[in-house]
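Just so you know, we're using UniProt numbering here: the sequence shown kicks off at 1 and counts up by one.
Think of the CB as a built atom: it goes at the ideal place given N, C-alpha and C, for glycine as much as any other residue.
Read through the structure below, which is laid out as structure tokens, and then see the notes.
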Amino acid sequence: MTSQPAPAPADTATFDPAPPFGLLLDVDGPIASPVTRTVAIESIGRDLAAMANAGIPVVFNTGRSDAFIAAEVVPALRAAGLREGAPVFTISEKGAVWASVSPAGLGEISIDPELRLPAALYDDVRALVAERYAALMFHDETKRAMVSVEMTVGADPHAYLAAQKHFDEAIPALLEKHGLKDVRIDPTIISTDIEHELLGKDLGAARTLKLLTERGISAGSWFTMGDSRTDYAMAEWLHKHGHEVSHVDVRPADGVPQTPYPVLTSATGAIHDEAGAEFLTNWAGRIAEEA
1 MTSQPAPAPA
11 DTATFDPAPP
21 FGLLLDVDGP
31 IASPVTRTVA
41 IESIGRDLAA
51 MANAGIPVVF
61 NTGRSDAFIA
71 AEVVPALRAA
81 GLREGAPVFT
91 ISEKGAVWAS
101 VSPAGLGEIS
111 IDPELRLPAA
121 LYDDVRALVA
131 ERYAALMFHD
141 ETKRAMVSVE
151 MTVGADPHAY
161 LAAQKHFDEA
171 IPALLEKHGL
181 KDVRIDPTII
191 STDIEHELLG
201 KDLGAARTLK
211 LLTERGISAG
221 SWFTMGDSRT
231 DYAMAEWLHK
241 HGHEVSHVDV
251 RPADGVPQTP
261 YPVLTSATGA
271 IHDEAGAEFL
281 TNWAGRIAEE
291 A
């Protein structure tokens, strides 16, 4: 690894080493609006900070970059009064990059060099976007390990999805050019990630347990949350490794698969960050009642 996780703050011992549950959260959709790409609902930051301050592990397991977490998520937590030393982490770029989170921002950034794609591929994708797709999408310059292209905020979603199909079809030739065989193309409704095949929400779950173990924290159970079928990998990994887990699907229109663990959806029919906010408020209320 290029670096080690930042050392635990001095007041870590004030937090419960055996919290009743932990949260492993996708960011786009459940936390950040897929429309504005911001934490647009005030209660989300409030409830996350309240639970973290009560010792509940809050881990963002996302394809987003650490820079996105620092710019869009940390300010919401800081404004809500996140305490120094609260058990909050980001596992970014689907497990390739990770750091602790505090009111001051992110701790030391750790990167797995074996999962980092070559700079020449970044250059070719950047050029492809500039030449053919600049009106609808942009190359994410903040990614450290994977290559990502994202829909421009305000672009027509239907036009983007049509262009995305052609963009995705052009990528295999670039992978062949650079001799990359262990790489996959992962499109979403607002982006395409080009990533090492070992990356995924399951890797993020594994890193999460390692980080918490290093802090002496063991959650009694887990809630995972996401807006796509790939997010179920978090719960799958936790269940496979003997942890009690329930998964929250904030966009169940894709279809809810049969699972050996509970899958929860909004009781009101809310989706995306509105559904995420609904569940977070419920869990934060439960912790407040038990305090």
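Query raised in the report: Helix, strand or coil for residue 41 per DSSP?
Result: Residue 41: coil per DSSP, three-state reduction.
Query raised in the report: How do the region 106-116 and the region 76-83 stand: do at least 3 beta-carbon pairs fall below 8 Å, yes or no?
Result: no
Requested in this report: Give the secondary structure of residue 78 by DSSP, where H, G and I count as helix, E and B as strand, and everything else as coil.
Outcome: helix
Requested in this report: Would you mind giving the Cβ-Cβ distance between residue 82 and residue 49, rounded to the nearest angstrom? I have them listed as a contact below 8 Å.
Outcome: 4 Å
Query - Nonlocal neighbours in the same chain, by C-beta distance under 6 Å from residue 279, ignoring five residues either side - result: 248
Query raised in the report: Taking the alpha-carbon positions, what's the residue 85 to residue 269 distance?
Result: Roughly 35 Å separates the two Cα atoms.
Report task. Apply the 10 Å Cβ neighbour rule to residue 179 and answer buried if 16 or more other Cβ atoms are within range, or exposed otherwise. Result -> Exposed.
Report task. Return the residue from the list 154, 17, 188 and 163 that minimises the CA-CA distance to residue 63. Result -> 188
Query raised in the report: If residue 276 and residue 44 are in contact, beta carbons under 8 Å, what's the gap, nearest whole angstrom?
Result: Distance from residue 276 to residue 44 at the Cβ level is roughly 7 Å; contact confirmed, criterion being Cβ atoms closer than 8 Å.
Query raised in the report: What three-state label does DSSP hand residue 195 in the structure shown?
Result: strand
Query raised in the report: With which residues is residue 60 paired in a DSSP beta bridge?
Result: 25 and 90
Requested in this report: May I ask which residues mark the beginning and end of the alpha helix (DSSP H) holding residue 229?
Outcome: Run containing residue 229: none; DSSP gives neither H nor E here.
Query - Where the beta strand (DSSP E) containing residue 185 begins and where it ends - result: Residue 185: member of the beta strand (DSSP E) spanning 183-187, first to last residue.
**Report entry** Between the CA atoms of residue 30 and residue 272 - distance to the nearest angstrom
**Finding:** 5 Å
Query - Per DSSP, cross-strand counterpart(s) of residue 137 - result: 151
Query raised in the report: In angstroms, rounded to a whole number, what distance separates the CA positions of residue 132 and residue 227?
Result: If you draw a straight line from the Cα of residue 132 to the Cα of residue 227, it comes to about 29 Å.
Requested in this report: Could you please give the first and the last residue of the uninterrupted beta strand (DSSP E) stretch that includes residue 125?
Outcome: First-last for residue 125: 119-128, but that is the alpha helix (DSSP H), not the beta strand (DSSP E).
Query raised in the report: When the Cβ atoms of the region 252-263 are set against those of the region 197-213, are three or more pairs found closer than 8 Å?
Result: no
Query raised in the report: Excluding five sequence neighbours on each side, which residues of the same chain lie with their C-beta closer than 7 Å to the C-beta of residue 239?
Result: 245, 260 and 261
Requested in this report: Below 8 Å on the Cβ atoms is my guess for residue 115 versus residue 145; work out the distance and round it to an integer in Å.
Outcome: 5 Å
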